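Quick mapping for you: the protein sequence lines, in order, are chains A and B.
For the first sequence, the positions run 2 to 214 when the working numbering is used.
For the second sequence, the positions run 2 to 165 when the working numbering is used.
For every residue, glycine included, the Cβ atom is placed at its ideal position computed from N, Cα and C.
Bear in mind the structure is a predicted one, so any value in this text is a computation, not a measurement.
Following: one structure in structure tokens, then a few remarks.
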Amino acid sequence: MDELELLKKDWQKDNKDYPKLSYNDIYKMILKKSSSIVKWIFIISILEFVLWSAISFALKDADFNKKFQEYNAENIMIPFMILGYIVIAYFLYKFFMNYRTISVTDNAKVLMENILKTRRTVKQYVAVNLGFMIVSAFVVLSIQFNRDEEIISIIEKSSANGELFKFYAISIITTLLVLAVLIGVLLLFYYLIYGILLKRLNKNYKELKKLEV
Amino acid sequence: MNKELEHNFVELLEKHQNIVHKVCRLYTNNYDAHNDLFQEITIQLWKAYPKFRGDAKFSTWMYRVGLNTAITLYRKSKRSINTQDFNDVQFKISAEEYDDTEEQQLKLLYNAVRQLNDIEKALVFLYLENKNYKEISETLGISEVNARVKMNRVKTKLKTILNP
């Protein structure tokens, strides 16, 4: 006999020893808050948007930014800022649109895809921000090379000593190292948070995708 | 209106609660986790209830939300780690008190099903609930042919677990 048929017969018996919850037990449950991964993804995503916007605002007020006004570099900084606002508006809009499509009554595969899509939007936002950070770092560096009087005098000195190349190399390598460490820490953070949160979803999504091959 | 909705929902769920218990039994190993998942499924059902249309059967609709919660939305709670395992309890009882071979075989079968992965469990669950392949494929979002193929593979896998 097919084992599953035996199991089916037993499974469909209604006298199984399941707990019997009362009307009040169930009523109490619907007043409680969900702890689903969608809720967590929503909270963490919003935090990410807030964090990255806060970073750009903080930079705007930072001392070194004021120094930029001395360099007369607003013509570079203002387009950057406007671009920043457009980027966050675009990603926030996309995020909310994706978030709204998540519905527990979709089929399993569509539900997983919609969750992953929402997640991907935030990932793209962070990637754009990182790109932005890298580009800004080099823009700042090149502006300083050209307009910061202290640095210009160092450059002149190094050039007189024949160490100009060394100076440029050290500045660029230091910037790259700082960026690499920063990105490394961020990636580790992401890997941990989302690795834990999405482990099950990713595994099951892969399993469903495998069925299609 | 809202009170009425609440009342209708709780009454329906009270009546059909075994479906949710079955999902929980399949996807959790112990009492605390069972309750935790039951609660999360209840919350998800309640959140989705205003959009529930009477043209679908409440129980059919529950299968989908229940499985989606178990497979995708549910996060295992930490407090379930130190509690006693269902499997152990059941297995001990079966070994000590039952001599019946069919009963014994059933225990082994339940244990085998627990060793399947989440998607395989979902297929078995729907199969045990007497759903046809069309419904299975619609619930999981795969084609009917693939649902059949996978189900056959799951049957083979269960046989291998039972007769290593």
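*Which residue's Cα is closest to the Cα of B/HIS17: B/LEU27, B/GLY67 and B/HIS35?*
Per the Cα distances, B/GLY67.
_Where the stretch 167–179 of chain A meets chain B: residues whose CB sits under 9 Å from a CB there_ = Those would be none; no residue qualifies.
*Should A/GLY132 go down as buried or exposed, given a rule of 16 or more other Cβ atoms within 10 Å for buried?*
So A/GLY132 ends up on the exposed side.
*Return no unless some Cβ of chain A is closer than 7 Å to the Cβ of B/VAL90.*
Only weak support is given to the placement of B/VAL90: the predicted model assigns it a pLDDT of 45, under 50, and the question is left unresolved by the model.
*Can you tell me whether A/LEU189 is buried or exposed, with buried defined as 16 or more other CB within 10 angstroms of its CB?*
Exposed.
*At a CB-CB cut-off below 7 Å, which residues of chain A make contact with B/ALA34?*
The contacting residues do not exist; B/ALA34 stays about 13 Å from chain A at best.
*Report yes or no: is there a C-beta of chain A within less than 7 Å of the C-beta of B/GLN45?*
Yes - at least one Cβ of chain A is within 7 Å of the one on B/GLN45.
_Cross-chain neighbours of A/PRO33 in chain B, by beta carbon under 8 Å_ = The sequence shown places Lys at residue 33 of chain A, rather than the Pro named in the question. Against A/LYS33, the close residues of chain B are GLN40 and ILE44, in the order they occur along the chain (beta-carbon pairs closer than 8 Å).
_Separation of A/LEU84 from B/LEU13, as counted between CA atoms_ = Across the structure, B/LEU13 and A/LEU84 are spaced so that their CA atoms are roughly 52 Å apart.
_Which of the three DSSP states is assigned to A/VAL105 in this structure?_
Three-state result, A/VAL105: coil.
*Would you identify the three-state DSSP class for A/ILE194, choosing helix, strand or coil?*
Correct three-state label for A/ILE194: helix.
*asked:* Quick check: is the beta carbon of A/ALA181 nearer than 7 Å to any beta carbon in chain B?
replied: False, the Cβ-Cβ gap to chain B never drops below 7 Å.
_A/VAL214 (DSSP reduced to helix, strand or coil)_ = Of the three classes helix, strand and coil, the one that applies to A/VAL214 here is coil, per DSSP.
*Mark B/PRO165 as exposed unless 16 or more other C-beta atoms lie within 10 angstroms of its C-beta, in which case mark it buried.*
It counts as exposed.
*Ignore the nearest five residues each way along the sequence and tell me which others in B/LYS135's own chain have a CB closer than 7 Å to its CB.*
Cβ neighbours of B/LYS135 within its own chain (closer than 7 Å, five residues either side excluded): GLU145.
*Using beta-carbon positions only, say whether A/MET78 and B/THR73 come within less than 7 Å of one another.*
Cβ distance not < 7 Å, so A/MET78 and B/THR73 don't count as in contact.
*Taking Cβ positions, are A/ILE135 and A/LEU178 nearer each other than 7 Å?*
No, these two residues do not count as a Cβ contact at 7 Å.
*For B/LEU7, return the contacting residues in chain A, with the cut-off set at a CB-CB distance below 9 Å.*
Just to set this straight, residue 7 of chain B is Glu in the shown sequence, not Leu. By Cβ distance, chain A contributes TYR28 and ILE31.
*Nearest-angstrom Cα distance between B/GLU5 and B/CYS25?*
Near 28 Å, if we compare the C-alpha coordinates of B/CYS25 and B/GLU5.
_Reduced DSSP category for A/GLN13 - H, G, I as helix; E, B as strand; rest coil_ = Reduced to three states, the DSSP call for A/GLN13 is coil.
_Neighbourhood of B/PHE10 by C-beta distance below 7 Å, restricted to the same chain and skipping five residues each side_ = Cβ-Cβ distances below 7 Å link B/PHE10 to TRP47 and TYR50 in the same chain, with the five nearest sequence neighbours on each side left out; the list follows chain order.
*Given that a residue counts as buried once 16 or more other Cβ atoms are within 10 Å of its Cβ, and exposed if not, what is B/TYR99?*
In this prediction, B/TYR99 scores a pLDDT of 48, lower than 50, which makes its location untrustworthy; the coordinate-derived value is nonetheless stated afterwards. That one is exposed.
*Just mark A/THR175 as buried or exposed, buried being the case when its beta carbon has 16 or more other beta carbons within 10 Å.*
Classification for A/THR175: exposed.
*Cβ contact (3+ pairs, closer than 8 Å) linking the stretch 34–50 of chain A and the stretch 120–127 of chain A*: The stretch 34–50 of chain A, when compared against the stretch 120–127 of chain A, does touch it at the 8 Å Cβ threshold.
*Using a Cβ-Cβ cut-off of less than 9 Å, list which residues of the stretch 66–78 of chain B approach chain A; keep chain order.*
Listed by position, the residues of the stretch 66–78 of chain B near chain A (Cβ gap below 9 Å) are VAL66, LEU68, ASN69, THR70, ILE72, THR73, LEU74, TYR75, ARG76, LYS77 and SER78.
*asked:* Could you check whether the Cβ of B/GLU7 sits closer than 6 Å to any heavy atom belonging to the ligand FAD?
replied: With respect to the ligand FAD, the structure offers nothing, as it holds no ligand at all.
*Using beta-carbon positions only, say whether A/ASP11 and B/LEU107 come within less than 7 Å of one another.*
For A/ASP11 and B/LEU107, yes; Cβs fall inside 7 Å.
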